[in-house]
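First up is the structure itself, then whatever we jot down about it.
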Amino acid sequence: MMVAGSNGRGSRARAGMAALAVGLALAVSPVALAAPSHGPSALPLVPWPAQVVPGKGALVLANGATLAVPPGDTAAKAAATLLAARLSAQHGLSLRVVEGDKGTVRFVRGGKAGDEAYALAVSASGAVITASGDHGLLYGAMSLEQLAGVPGKGGAAVRVPALAVTDAPRFAWRGLMIDTARHFQPIASIRAVIDGMVAVKLNVLHLHLTDDQGWRFEVKKYPRLTQVGAWRTQPDTGQGPDADKGARSGGFYTQAELRDLVAYAAARGITVVPEIDLPGHAQALVAAYPELGVLGGTPPVSGDWGVNPYLFNPGPQGMAFVKDVLDELMAVFPSTFIHLGGDEAVKDQWERAPQVQAQMRALGIKTENGLQSWMIDQLGSYLAQHGRRLIGWDEILEGGLPPSASVMSWRGEAGAVDAANAGHDVVLSPAPNLYLDNLQSDRGDAPPGRIAIQTLEAVYHYDPMPKGIDAQKAAHVLGAQANAWSEYIVTPWQMQHKIFPRIGALAESVWSNPAQAKDYPGFLARLDPQMRRWREAGLEVADSALAVDFKIAGTRSAALDAKRLTVALATQAPYGTIRYTLDGKAPTARARAYAAPLAVAPGTVIMAADFAADGAALSAPRRFDATRDTLLTTANSALSACPRGALGLRVPLNADATANGPAFNVNIFDACVADDHAPLAHAKAITVKVARLPRNYGLAHDQHAVIARYATSPFGELVVSAGCRAAEKAANDQQKEHDPMPGARVLATWPLPDPAKAPQQFALDANLPQLGLADESDVCFQFTASPAGPFYTVEQVQWHETPRGGAK
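In terms of the numbering used here, the sequence shown is residues 54 to 861.
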């Protein structure tokens, strides 16, 4: 495999990448990497530089130290000022920026390695940051900031280890996408993310500004885009007594706000690339200007996630509209690349619209995909006339890719391989690898998202240079980008939780030379101080990789009969020391260190957290109650999918809920979950906590896959059956309908209450028939409510060892 940054890229790579005018430069010719230290004294640099030569001693940075910049060099002064502000915030240091060639830290113009390359030399007498480009000076400053160590606001001097760094990036596009359309993100939150990005030398912020669920960019010529298209009502949950009826969600950015954001990002070396998504994901647009749709009618701004039918009409009026929007967009965003989406545009409306079919005949276009290709070509040419370039999701390959277009590959890597081999520039952004809305762990306290878990380690090991790209075409890989889609990201806290610390892992892949062998434990040692800096800056940084998990040894049945429980403690990532208590108190750095599984008496409360070598807590304390109630309780996160599906999403109680919980693992195609290890030999009764959720999913051509079960009461039932997996397999083998599953033993059935009157969360109790069933049985919980209404799921199952008085 030819990797970017290797000698094979050569001058052709530099020439090809120079066209990427996002204000950033191609990596210089690679140099051998010095192996980073992985012990407690590991240099806290993320991403790891191209070359590091350790020195002797250290530079002491104290209050009053000066940062010297060349006279009149505004970019150097900006980099020095930013460094001084960050060191002040993190360490309480008061540093002065001066002009001239004398200072504790000097910024010097020099070198010919590219705009982002830099050299950093630190000795006991001072530090020198040398770069020919503005961004090189900035990145040298960020490396010096990292070398100052973990935050300590006392104002005491910091020691910067002596060394010599020579550095330049592997790729020119090192990006992050924030979806502001599904859930609006305040400008202040985006600025905070920008500050976190520059710390690890990411340089492209892609803003997804329009979708079915909201139009966020102010277009002065078309005010209804934000007056109407920026707002939607909360999806239906049955409108029970606790429903927030008529609640609106939304917001938009004025052009003035976005200009300020662009300038703020530029001062941190980051180019903001805007996206207007067309021709699909256009329901908010059509809601605001129905004449730009194709089949008439005025839809609401969508509250459904997924794929909706509304398409933009690419006729003369529609194309003139897009060009007007692009004019205003280009006036706000100076980025060379403009993203025009192109994804998930199901063509049913175009297929059924006489005026669209007439346009295709007039243009000599035979397929609807060909019409999308024509539209992309027209808009790409318009952007080219203004010195800009079009980029879109990989669906724009369908129907033929116009020569001017570049591709952002999200449906795996195939689109990038095909486009690069055909001579088009590409950015890797594949799902699930770089989809940050995926969960980071399977813990029950994980916030909502997709369940294709992408751990910190998985992101760290992703290589943005796909196999299958010809060596001669490798220069067309501009880089990679992580995406934070916001169907299940509502608040700034949730957005930041998804992004940090995983963008540190992404940064290493897109900046560092791939010739250096991956070393995940060493990366964690270097990332730890950066995580602390992010937190000190007020960012929410997920501790998922370092949170303590608890696992009882053996089966649930054996544990219920045991006099002592054996509990294993573990973290996802191999870093730090687990410390624990057995009295329910939060552990400190002096608590007992975990070495082997714990044998504890029933009723013991274990509290545990991960700690660094210096005693700093790396994760929040987690609690485990070693009680019979715990053993007899199955939380939603411990339930599995019924035999016919998979739990693909973790969703909130309401689509726009701002709380981090509760959250529910669901299969949106089948309202059925299973407890695979039910303690039926011990259980005499059951309590099922039920949650009624919005069914707000645009499934397009997958609608047929939704399971509809026969209901025998007005609002459907919850049917609890044992032995359901074997029964399901038998039904599938016989190709028979399975309502109910033949051979399964029904344990309980409840009619569901009227959703117009019942709360969203309620409990159902029943005494169980004594059928002589064994422990560790599989039990399914099936809802027969109509798929045209709200979605039901199980929040928790509580098995009881004694019958319940009054249970039904």
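Glycine included, C-beta positions come from ideal geometry on N, C-alpha and C. Keep in mind that this is a model prediction, so the values were computed, not measured.
Item	Value
Residue burial classification, H791 (beta-carbon count within 10 angstroms, cutoff 16)	Any reading at H791 must be qualified, since the residue scores a pLDDT of 46, below 50, and its modelled position is unreliable; no value is offered.
Minimum C-alpha distance to D187 - residue among G322, W284 and W546	G322
DSSP-derived helix/strand/coil call for R748	coil
Contacting residues, own chain, Cβ-Cβ under 6 Å from L200 (five flanking each side not counted)	V213
Backbone secondary structure at H259 - three-state DSSP	strand
Check whether P804 and S839 have beta carbons under 8 Å apart	no
Distance CB(P856)-CB(A738) smaller than 8 Å	yes
Contacting residues, own chain, Cβ-Cβ under 8 Å from G359 (five flanking each side not counted)	Y750, G751, L752 and A753
Inter-residue spacing [alpha-carbon to alpha-carbon] between V246 and T279	24 Å
Extent of the continuous beta strand (DSSP E) to which P732 belongs	C725 to P732
Host alpha helix (DSSP H) of R301 (start-end)	R301 -> not in any alpha helix (DSSP H); beta strand (DSSP E) instead, spanning R301 to G303.
Cα-Cα separation between F815 and K742, rounded to whole angstroms	6 Å
Inter-residue spacing [alpha-carbon to alpha-carbon] between Q835 and S774	8 Å
Residues of its chain near T290, where Cβ-Cβ distance is below 7 Å and the 5 sequence neighbours each way are ignored	A296, N707, R745, L746, P747, Q813 and P843
CB of W546 within 8 Å of CB of G249, strictly	no
Buried or exposed by the 16-neighbour rule on C-beta atoms within 10 Å, applied to E854	exposed
Outcome for K789 when other beta-carbon atoms lying within 10 angstroms are tallied against a minimum of 16	Confidence at K789 is low in this model, with a pLDDT of 49, below 50, so the placement of that residue should be treated as unreliable; the coordinate-derived value is given next. K789 should be labelled exposed.
Nonlocal neighbours in the same chain, by C-beta distance under 7 Å from A688, ignoring five residues either side	G497 and Q849
Between the CA atoms of V251 and A560 - distance to the nearest angstrom	10 Å
Separation of D523 from A118, as counted between CA atoms	51 Å
Bridge partner(s) assigned by DSSP for D663	I631
Same chain, Cβ closer than 6 Å to T846, neighbours up to 5 away in sequence not counted	F717, V719 and A744
Buried or exposed by the 16-neighbour rule on C-beta atoms within 10 Å, applied to W852	buried
Nearest-angstrom Cβ-Cβ length linking L98 and R579, presumed shorter than 8 Å	6 Å
C-alpha gap between P93 and A666, whole angstroms	Legend: pLDDT at P93 = 47, less than 50; position of this residue unreliable, no value from coordinates given.
Short Cβ contact (8 Å threshold) for V218 with V105	yes
Nearest-angstrom Cα separation, counted from W268 out to V84	Residue confidence for V84 is low, a pLDDT of 36 falling below 50, so the modelled location carries little weight and cannot support an answer.
Of the residues V161, V772 and K130, the one placed nearest D818, counting alpha carbons only	V772
DSSP beta-bridge partners of D636	V658
Where the beta strand (DSSP E) through E152 begins and ends	R149 to E152
Beta-carbon proximity list for E829, same chain, < 7 Å, skipping 5 on both sides	T608, R609, S610 and H730
Q287 classed as buried or exposed, judged by whether at least 16 other C-beta atoms fall within 10 angstroms	buried
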